[in-house]
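Chemist: Sequential numbering from 164 applies to the sequence shown in our numbering.
From the three backbone atoms N, C-alpha and C, an ideal C-beta is built for every residue, glycine too.
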Amino acid sequence: MTKPALVIGMPSKGRLQENAFAFFARAGMSIHQPRGARDYRGAVAGMPDIEIAFLSASEIAGELQRGAVHFGVTGADLIHEALPDPASKVEMLAPLGFGHANVVVAVPEAWIDVHEMADIEEVAADFRHAKQRRLRVATKYVNLTRRFFKQHGIADYRIVESLGATEGAPAAGTAELIVDITTTGSTLAANALKVIENGTILKSEAHLVAALNADWSEAAREIARQVLARIHGEEEARAKREMRIYGPVTLDAALLGEIEAQGGEWLAVENHTPILLAPKSAIAPLSDLLIARGAQRVLVGQPEYAFSAENPLFDRLTGALGTKRAAA
Numbered sequence: 164m165t166k167p168a169l170v171i172g173m174p175s176k177g178r179l180q181e182n183a184f185a186f187f188a189r190a191g192m193s194i195h196q197p198r199g200a201r202d203y204r205g206a207v208a209g210m211p212d213i214e215i216a217f218l219s220a221s222e223i224a225g226e227l228q229r230g231a232v233h234f235g236v237t238g239a240d241l242i243h244e245a246l247p248d249p250a251s252k253v254e255m256l257a258p259l260g261f262g263h264a265n266v267v268v269a270v271p272e273a274w275i276d277v278h279e280m281a282d283i284e285e286v287a288a289d290f291r292h293a294k295q296r297r298l299r300v301a302t303k304y305v306n307l308t309r310r311f312f313k314q315h316g317i318a319d320y321r322i323v324e325s326l327g328a329t330e331g332a333p334a335a336g337t338a339e340l341i342v343d344i345t346t347t348g349s350t351l352a353a354n355a356l357k358v359i360e361n362g363t364i365l366k367s368e369a370h371l372v373a374a375l376n377a378d379w380s381e382a383a384r385e386i387a388r389q390v391l392a393r394i395h396g397e398e399e400a401r402a403k404r405e406m407r408i409y410g411p412v413t414l415d416a417a418l419l420g421e422i423e424a425q426g427g428e429w430l431a432v433e434n435h436t437p438i439l440l441a442p443k444s445a446i447a448p449l450s451d452l453l454i455a456r457g458a459q460r461v462l463v464g465q466p467e468y469a470f471s472a473e474n475p476l477f478d479r480l481t482g483a484l485g486t487k488r489a490a491a
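1. Across which residues does DSSP place Phe-234 in a beta bridge pair?
2. Round the Cβ separation of Leu-256 and Val-236 to the nearest angstrom and send it over; I've been treating them as touching at under 8 Å.
3. Which one or two residues does DSSP pair with Lys-366 in a beta bridge?
4. Determine the direct distance from the alpha carbon of Ile-283 to that of Gly-316, and round the result to whole angstroms.
5. Is DSSP giving Ala-208 helix, strand or coil here?
6. Out of Val-372, Tyr-409, Glu-381, state which residue places its alpha-carbon closest to the alpha-carbon of Arg-479.
7. Would you identify the three-state DSSP class for Met-192, choosing helix, strand or coil?
8. Grab me the residues of Ala-483's own chain with a C-beta within less than 8 Å of its C-beta, minus the 5 sequence neighbours each way, in chain order.
9. On the DSSP bridge list, what partners appear for Val-358?
10. Cβ-heavy atom distance between His-370 and the ligand SAH below 7 Å?
11. Where do the ends of the beta strand (DSSP E) carrying Gly-464 lie?
12. How far does the beta strand (DSSP E) with Ala-153 in it reach, from first residue to last?
13. I need the DSSP call for Leu-391, collapsed to helix, strand or coil.
14. Would you tell me roughly how many angstroms separate the C-alpha atoms of Tyr-320 and Gly-225, rounded to the nearest one?
15. Mark Gly-177 as exposed unless 16 or more other C-beta atoms lie within 10 angstroms of its C-beta, in which case mark it buried.
16. Strictly by DSSP, which residues pair up with Met-406?
17. Locate the beta strand (DSSP E) running through Thr-345, then write down its first and last residues.
18. Nearest to Leu-414 by alpha carbon, out of Glu-405, Glu-428, Arg-404, Arg-401?
19. Expressed to the nearest angstrom, what Euclidean distance is found between the alpha-carbon atoms of Arg-393 and Thr-436?
20. Just confirm the distance between the C-beta atoms of Ala-400 and Gln-465, as a whole number of angstroms; I'd bet it's less than 8 Å.
21. Would you tell me roughly how many angstroms separate the C-alpha atoms of Pro-448 and Val-390, rounded to the nearest one?
22. Would the beta-carbon of Pro-442 fall within 8 Å of that of Ala-472?
23. Just to confirm my understanding: we take Arg-460, look at its own chain, exclude 5 residues before and 5 after, and list those with CB closer than 6 Å. What are they?
24. Among Ala-208, Ile-359, Gly-238, which has the Cα closest to the Cα of Tyr-304?
25. If you draw a straight line from the alpha carbon of Leu-462 to that of Asp-212, how long is it in whole angstroms?
26. Using the three-state DSSP reduction, which class does Ile-213 fall into: helix, strand or coil?
27. With distance defined between alpha-carbon atoms, name the residue in Gly-172, Glu-272, Pro-247 nearest to Leu-227.
28. Going along the chain, which residues of its own chain have a beta-carbon closer than 6 Å to the beta-carbon of Phe-477, five neighbours each way excluded?
29. Tell me the DSSP secondary structure of Gly-229 in three-state form.
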C-alpha cells in the first residue's frame, strides 16, 4: 500500500468533528470514511495523496508534537496545554471559526472580595495561615494553570487534577477554585462560580496546526500548498465581500488610496462596473465613501471562494519550516 504524502489529524467524534468536516467541505475538500464511521482512517475526495487520521482531540496535539501527522485540527487550548513551547514544535496556521471557548480562573461567587489574580494571592496566604494547608485548584489544564499562576506571582497553591466535571469541585469540597474551559459561562454560574476579571488564561478556537517535525517531503509540500490554497480561498471569502459600483465614479489615485486604507482591493472593471473586494467590516463606510463620490448603487455579495496567486498560509508554513531547519 502506498504511503500517503500528507496526513491530517482530525477529531474522531463530536461537534468538533462535525465542524471540521463542514469547514473542509466549504473549502472544496469533502472528507469521507470509506469503511464507515468506526473507521479511524479517512480520505479527501479527489485528493488521493491525503490520509485523514481520526484521533481524540488531546491525541492530535501529541501526534503533532511527534511529527506523526503533518496537519491537525484541534483547539488552541490543547496545543498550549500539551506543548510547553508550542512555537518550537508547531505552527498555528489558521483559526477555523469554530470551537470558541476560554480557559479561565473561576472562584466561588461567595468570595465577594476576590476580583482579580492579586486577590487570589492574598486568599492563598490567608488560607495557609488559617487552614495550615495550601489553596487547592481543580483543573484539567495543569500546565496552563502553572504558567499563568507563575506569571501572577502565585506559588502557595496545590493543583488537584480533575477527572470529571471540574466546575463541581468547590461544591464537593475537593478544591477551593478551578481553572476550566467555558463557552458561555452558564455552567460556571449554575455552580455558583464567577470568572475573575483578569482570569482569562487563553481565548481558544479550533486551528489548523502544522507539525514542524513531520516528514515534509516535496510531495507533502505540494499537497500542503494545494490544501492551504483552498483553505485560504474559503477564509478570504468568509471574511470579505465583493462590491460592484454603479454610477459615475472615477477611481482616481486619491479614491483608491482611501479604499486601500480601509482594506479594500480594486479588482477590475467589468462592463463599465468597477469591482472591489473588501473586508466585511469595511463595507458600510466604503459604500458611504463611494456614494459620496458619485455612485448610484453599491451591490454587495459574498464570493464562494476568493482564490489568488498569493498563498499566505503556505508561505507561513514554508517560513516556519525554514526557521526550524536553520535552528537545527
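Modeler: Well, looking at it:
1. Ile-171, Ala-373
2. That pair is no contact at about 11 Å.
3. Asn-265
4. 10 Å
5. coil
6. Val-372
7. coil
8. Glu-254, Ala-373, Leu-375
9. Ala-269
10. For the structure depicted, the ligand SAH is absent and the ligand set is empty, with no information on it obtainable.
11. 460-464
12. With the chain represented from 164 up to 491, any question about residue 153 goes unanswered, as that position is not in the structure.
13. helix
14. 28 Å
15. exposed
16. Leu-439, Val-463
17. 340-345
18. Glu-428
19. 28 Å
20. 7 Å
21. 34 Å
22. no
23. Tyr-409
24. Gly-238
25. 41 Å
26. strand
27. Gly-172
28. Arg-388, Leu-391
29. A quick correction: the sequence has Arg, not Gly, at residue 229. Helix at Arg-229.
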